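In this text, residue positions in the sequence shown follow our numbering: the first is 72, and each later residue adds one.
Each residue gets a CB set at the ideal place from its N, CA and C atoms; glycine is no exception.
If you're wondering where the values come from, they're calculated on a predicted model, not measured in any experiment.
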Amino acid sequence: MESAAAITAAHGWSGRQDAHAALDEIFNGHDFHGASLGIVFASPDYDLDALGKAVAARFPCSVVGCSTAGEICSLGYQHTGVAAAVIHGIDVRVASLDDLQSFDEQRASDLVDRLGVSEISYDEHAVMLTLLDGLCMREESLCNQIYLA
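In structure tokens, the structure reads:
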């Protein structure tokens, strides 16, 4: 019987305003070699351009994330920092959608093909995580179109 690879993660929160210092505090020397996915959530008051550059320099894998209305961490509810995680040992497929207002069935089908969703077995522990701008007012219809594709 084949043994499954270990899934590991490192995560944390930092209130430091310098992006590199915040990531240093969160990951404290973590080895990113072989990372599968990075996840970053940050306060909109944060310098998101600087954070993006720091994340790109550090993470050797796909990264998803967005701004937040607050982060919940070991210190409780915070609203001025960065919450981040890196996950190892999982198969990850990432896609970005632009122009959500014109997203239709054809674009949903193209997305599903691009992600190779048909290759995923239903007996696998598969999850689709979506991060959608709530101001687009189309979250449910977008998810439904992707599901039906």
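Query, Result
"Per-residue DSSP class, three states only, for residue 196", "coil"
"Local Cβ density within 10 Å of residue 129, reported as buried at 16 or more and exposed below that", "buried"
"DSSP beta-bridge partners of residue 112", "137 and 154"
"Inter-residue CB distance, residue 176 and residue 84 (contact presumed, cutoff 8 Å)", "The pair is not a contact, with the Cβ atoms about 39 Å apart (cut-off 8 Å)."
"Supposed close pair residue 160, residue 77 - CB separation, criterion 8 Å", "5 Å"
"CB contact flag (residue 110, residue 136, <7 Å)", "yes"
"Beta-bridge pairing of residue 149 - partner residues as DSSP gives them", "142"
"7 Å Cβ cutoff met for residue 220 and residue 189", "no"
"C-beta atoms of residue 153 and residue 106 nearer than 7 Å", "no"
"Best match in 192, 122, 163 and 119 for proximity to residue 201 [C-alpha to C-alpha]", "163"
"Close beta carbons around residue 172, own chain, < 6 Å, minus the five adjacent residues each side", "none"
"Beta strand (DSSP E) runs wholly inside the region 152-191, at least 3 long, in chain order", "153-159"
"Contact under 7 Å by Cβ, residue 108 with residue 132", "yes"
"For residue 80: DSSP bridge partner residues", "158"
"Outcome for residue 217 when other beta-carbon atoms lying within 10 angstroms are tallied against a minimum of 16", "buried"
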